[in-house]
Amino acid sequence: MSHTIEITEGADGIPSDTVLNDESHSLTVKVGTYNNDVHLEFSSRESLRDFAKTLLHESYYGSGAVELYPLGTENGWLVVDGVRLTEKSSRVFIWYPTQNT
């Protein structure tokens with residue numbers, strides 16, 4: 035496995051073919067009812083890596099906001115913006131400045 039990550043404006047390779055074609059690679063986001071802690075439960079390192087690459091891509095080329103959400107069809111759960119959230123996952127909203135500081 036290469037440890038060099040290239041982030042292109044076109045988001046080439048996000049998501050990876052591995053994550054895109056295998057539903058076992060996913061993320062479940064849970065919010066704790068007691069203290070509102072956020073838990074990110076990745077099913078694999080590949081799903082974690084694609085999530086990280088999505089965030090890196092956003093930091094360079096994004097528009098100021100990202101919404102990640104579970105999206106299911108009759109054929110299973112789909113990858114949205116590089117991440118496959120499971121059925122019981124909370125949505126994720128990420129906000130950041132639109133200009134470099």
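Here the sequence shown is numbered in the working numbering, starting from 35 and rising by one per residue.
Quick reminder that beta carbons are idealized off the backbone N, C-alpha and C, glycines included.
What first and last residue would you give for the beta strand (DSSP E) that runs through residue i?
i	result
Lys64	61-65
Ala99	99-102
Ile128	126-129
Leu74	72-76
So the alpha helix (DSSP H) residue i belongs to, where does it begin and stop?
i	result
Glu92	79-95
Leu54	51-55
Taking residue i as the reference, give the member of the options with the closest Cα.
i	options	result
Leu119	Leu54, Gly98, Tyr68	Leu54
Thr62	Arg125, Gln133, Thr132	Arg125
Pro49	Thr38, His91, Tyr68, His73	His91
Leu74	Ser123, Ile128, Tyr130	Ser123
Gly44	Phe76, Gly96, Asn70, Tyr68	Gly96
Trp129	Tyr68, Ser93, Leu112	Ser93
Val117	Thr38, Asp51, His37	Asp51
Phe127	Val100, Leu82, Leu112, Ile39	Val100
Thr38	Glu121, Val113, Tyr68, Arg83	Arg83
Phe76	Tyr68, Glu40, Lys64, Gln133	Lys64
Using a 10 Å radius around the Cβ and a threshold of 16 neighbouring Cβ atoms, would you call residue i buried or exposed?
i	result
Lys66	Looking at the sequence provided, one finds Gly at residue 66 rather than Lys. Burial call: exposed.
Thr88	buried
Phe85	buried
Asp115	buried
Arg79	exposed
Val72	exposed
For residue i and residue j, which I take to be in contact (beta-carbon distance under 8 Å), what is that distance rounded to the nearest angstrom?
i	j	result
Asn110	Pro131	Per the sequence shown, residue 110 should be read as Gly rather than Asn. Between Pro131 and Gly110 the Cβ distance is about 36 Å, and since that is not below 8 Å, they are no contact.
May I ask you to verify whether the stretch 92-106 touches the stretch 51-59, counting CB pairs closer than 8 Å and requiring at least 3? no
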